[in-house]
Amino acid sequence: MRVIVTRPAAQAMPWVQSLQRQGITAVALPLIQIAAALNTGSVAEAWQHLAEARLVMFVSANAVEQFFALRPESSAWPANAQAGSPGPGTTRALLDAGVRMSQIIEPSPNSAQFDSESLWERLRDQDWQGVPVRVVRGGGGRDWLADTLRAHGAVVSFVSAYRRTAPTWNAEMHTLLAEALARPGEHVWFFSSSESIDHLMNHVTNLPRQPNSHVPVGLPAGARALTTHPRIARRAEQVGFSPVWQCPPTLADVVACIQSIAP
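Read in the working numbering, the sequence shown has 238 at position 238, and its numbers run on one by one without any break.
Take a look at the structure:
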């Protein structure tokens, strides 16, 4: 059985290597491409006024990496600012960027899910009236936490640090996809984003049809998916993956899930 890791390239290869060290056959097929923001002015402005914010919320590890890649040489993370993280991957990126663990606020390790709702459970007891909050993200995204903070009086602004785009397919990716479609029982797709599922399906449905066939190209019966959140699991089921498994996005949980479904 081969696990197909669909995270952006910067995160996909570390996952592949970690899974391989656990004796799991894994390959990378990045289905989201991370590109620089078209206008980096909001990042520069955010760094200039970072000390004014009590909370800087990072939506993902990519948000952390792109935000800190544009840090001015003279700038440091302010002592009074919390760095919000929705899960362990983002927390690791913050630590790698030099933010102290004491300044990072993240969901409880016992949370059922690592997401904005779980992070809010750690934030809700603070007084947010009139408090400046920055949300570092790509071009758009889910606004649940920002809306919730605003409803509690926070003054929320967004910082676009990068863009998420569909991948540019190369010959190796085409070959891997063809193998996965031809032998679905030998592969498990590992999704950490609904957007990656959509990018996959946009490509799959545009593949050439078989000669003399009027049946649209789609997923074969038995295409299997492992997901890290209920929303992602629902999207995988909607496009035709079955069965679909769900587990927390930690390495130990992912490995345990894979081992439980391996033949």
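Each residue gets a CB set at the ideal place from its N, CA and C atoms; glycine is no exception. Values in this document were obtained by computation on a predicted structure and should not be read as measured data.
For Gly84, there is no enclosing alpha helix (DSSP H); the residue is found in the beta strand (DSSP E) stretching over 82-84. Assignment of Phe191 by DSSP, reduced to helix, strand and coil, places it in the strand class.
In this chain, the beta strand (DSSP E) harbouring Gln246 covers 244-246. Around the C-beta of Gly41, fewer than 16 other C-beta atoms lie within 10 Å, and the residue is accordingly described as exposed.
With fewer than 16 other Cβ atoms from the protein chains shown falling within 10 Å of its own Cβ, Thr205 counts as exposed.
Under the Cβ criterion (8 Å, minimum of three pairs), the stretch 141-149 does not count as touching the stretch 97-107. Taken in chain order, the complete alpha helix (DSSP H) segments of 4 residues or longer contained in the stretch 24-96 are 41-48, 61-69, 88-96.
Bounds of the beta strand (DSSP E) holding Thr165 are 162-165. A distance below 6 Å between beta-carbons, with the five flanking residues on each side excluded, links Val16 to the following residues of its chain, in chain order: Val5, Ala26, Ala28. Judged by DSSP secondary structure, Val255 falls within the alpha helix (DSSP H) whose first and last residues are 251-261.
With three or more CB-CB distances shorter than 8 Å, the stretch 144-160 counts as touching the stretch 129-136. Taking the CA atoms as reference points, Pro248 sits about 23 Å from Pro184. Residues of the same chain with a CB within less than 8 Å of the CB of Ala81, apart from the 5 flanking positions on each side, are Leu50, Ala51, Ala53, Arg54, Leu55, Val56, Gln103 in chain order. Per the C-alpha coordinates, the member of Ser193, Ala252, Leu123 positioned closest to Ala225 is Ser193. Around the beta-carbon of Arg137, 16 or more other beta-carbon atoms lie within 10 Å, marking it buried. Annotation: Thr175 is outside any beta strand (DSSP E); the continuous alpha helix (DSSP H) that includes it extends over 171-182.
In the three-state DSSP reduction, Thr205 falls in the coil class, being neither helix nor strand. A straight line joining the alpha-carbon of Ile197 with that of Ala236 spans about 7 Å.
Val159 is not a Cβ neighbour of Ala83, given a cutoff of 8 Å.
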